[in-house]
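The sequence shown maps to residues 15 to 318 in the working numbering.
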Amino acid sequence: MLKTELAGVKLQNPTVLASGIRGVTGASLVHMAKEGAGAVTTKSISLKERKGHPNPVILTFEAGIVNAVGLSNPGAEEALPEIEYAVKNAKVPVIASIFASTITEFGKVAEIVSKANPQLIEVNISCPNVEDEFGRPFACDPGISTVVIQKIKKVTKIPVFAKLTPNTARIGEIAKAAEKGGADGITAINTVGPGMLINIEAAKPILSNKVGGISGPAIKPIALKCVYEIHKSTSLPIIGTGGVTTGRDAVEMIMAGASAVGIASGVYYRGPGIFKSVTEEIQKFMEAEGYRSIKEMRGIAHEE
Ligand SMILES: Cc1cc2nc3c(=O)[nH]c(=O)nc-3n(C[C@H](O)[C@H](O)[C@H](O)COP(=O)(O)O)c2cc1C
């Protein structure tokens with residue numbers, strides 16, 4: 015009943031650990047799988063090590079999280095054994111998330127992580143802090159999105175998902191452009207913003223970076239609208255991500271057009287038990303309403 019599929023990759027349930035939380039080591043990816051995630055995504059990996067921003071980098075507020083982690087990671091070669099460990103031990107599909115600051119570098123990182131044989135590669139062309147040669151986030155430009163995916167498809171046989179930013183008025187068009195480049199699926203959305211929180215006693219922004227990406231329940235309506243638009247413009251599978259903390263949120267995502275549902279912030283403040291609780295709540299809802307499969311619910315909100 016809860017089985018789903020992403021570009022031929024089978025998941026026992028539609029919950030996916032999204033990139034950025036508990037995804038640096040092989041051991042923590044395996045732990046998330048044991049807790050019930052249907053698939054697990056690594057923290058985004060770049061060619062060379064990145065230190066990220068100084069603390070504080072993650073702040074919670076009433077409706078979510080503001081983060082400016084700054085894509086810290088050990089670099090592709092160092093990350094390789096961690097992905098290999100997860101692929102060997104997780105017993106669920108492993109998604110290797112990659113990013114780069116130039117198109118050529120994207121190809122190189124994809125080539126390196128492919129050696130670990132993850133089931134999917136997710137291309138983070140959306141992080142607000144990574145720009146193209148003209149200073150724009152990659153995913154804001156349909157032409158560049160096509161070229162980045164083309165570059166990656168040339169160097170790997172592993173199915174590729176493009177992860178998109180909501181910080182554009184043209185997300186459907188950008189999903190289509192990624193498809194044109196050969197993308198096998200779309201992950202949407204990355205964080206919204208940037209935004210800011212202020213420490214009123216210190217009279218200063220709290221994050222060392224001053225601004226950061228917004229995630230968690232506050233962004234759910236934006237994520238739903240983006241997934242809905244993407245599903246309207248392409249039939250590619252979608253990992254709907256953004257503000258999911260309950261089974262009902264997950265069902266909304268699926269009805270907007272998602273085949274699976276990414277969870278990041280929810281793991282941060284609810285703990286890894288969230289995968290089981292979301293999965294059980296989806297099942298309860300399906301039984302109560304008479305739905306027999308995820309496929310049957312997918313995109314149903316589009317019907318007139
Ligand atoms: C602390 C933190 C770190 C993140 N790091 C990454 C990352 O490395 N790569 C990426 O593609 N997305 C990253 N994200 C974005 C999440 O994968 C997700 O797209 C976004 O947070 C929306 O989902 P959520 O509301 O469930 O958190 C990060 C999010 C948070 C909160």
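Every residue, glycine too, gets a C-beta built ideally from N, C-alpha and C.
Here P107 carries a coil assignment [DSSP, helix/strand/coil]. If the five residues before and after E49 are omitted, its C-beta is found closer than 6 Å to the C-beta atoms of P286, F289, all from its own chain and listed in chain order. 8 Å or more divides the Cβ of L31 from the Cβ of I233.
Taking a cut-off of 8 Å for Cβ pairs, the segment 19 to 34 and the segment 64 to 71 do not touch, as fewer than three such pairs fall below it. Distance check between E266 and each of D198, M210, S229, P28 places P28 closest, using alpha-carbon atoms only. Within the same chain, A189, K190, E193 come within 6 Å of T248 by CB-CB distance, once the 5 residues on both sides are set aside. Of the other Cβ atoms in all chains shown, 16 or more fall within 10 Å of the Cβ of H245; this residue is therefore buried. A straight line joining the alpha-carbon of T170 with that of E125 spans about 6 Å. With 16 or more other Cβ atoms from the protein chains shown falling within 10 Å of its own Cβ, N204 counts as buried. For F299, the enclosing alpha helix (DSSP H) covers residues 288 to 303. Inter-residue distance for S42 and G280 is about 16 Å (C-alpha atoms, whole angstroms). The DSSP assignment places complete beta strand (DSSP E) segments of no fewer than 3 residues inside the segment 51 to 135 at 53 to 55, 72 to 75, 78 to 81, 108 to 112, in order along the chain. Excluding sequence positions up to five before and after G40, its CB lies within less than 6 Å of the CB of E96, Y99, A100, all in the same chain and listed in chain order.
Between L94 and R64, the gap from beta carbon to beta carbon reaches 8 Å or more. Judged by their CB atoms, I200 and L178 are nearer to each other than the 8 Å cut-off. Along the length of the segment 237 to 271, whole alpha helix (DSSP H) runs at least 4 residues long occupy 261 to 270, reported in chain order.
Contact check for I109 against V162 fails: the beta carbons are separated by 8 Å or more. Distance from the CA atom of A77 to the CA atom of E215, rounded to whole angstroms, is 21 Å.
Taking a contact as a CB-CB distance under 8 Å, the pair I228 and G254 does not count as one, their CB atoms being some 17 Å apart. The three-state reading of DSSP puts G37 in coil, since its state is none of H, G, I, E or B. Counting of Cβ neighbours within 10 angstroms places E136 among the buried residues, the total reaching 16 or more. Closest in C-alpha terms to N138, from the list G230, S60, N81, I185, comes S60. Judged by DSSP secondary structure, S159 falls within the alpha helix (DSSP H) whose first and last residues are 156 to 169. Under DSSP, I188 shares a beta bridge with no residue.
With a threshold of 7 Å, the Cβ atom of A32 counts as near ligand 1, since some heavy atom of the ligand is closer than that. If you compare the alpha carbons of E91, F75, V106, I112 with that of A47, the shortest gap goes to V106. Boundaries of the beta strand (DSSP E) harbouring G226: 226 to 229, taken from the DSSP string. Relative to the non-hydrogen atoms of ligand 1, the Cβ of S222 never comes closer than 7 Å to any of them.
Relative to ligand 1, the nearest heavy atom lies less than 7 Å away from the CB of V83. Between ligand 1 and K57, a heavy atom-to-CB distance of less than 7 Å is present.
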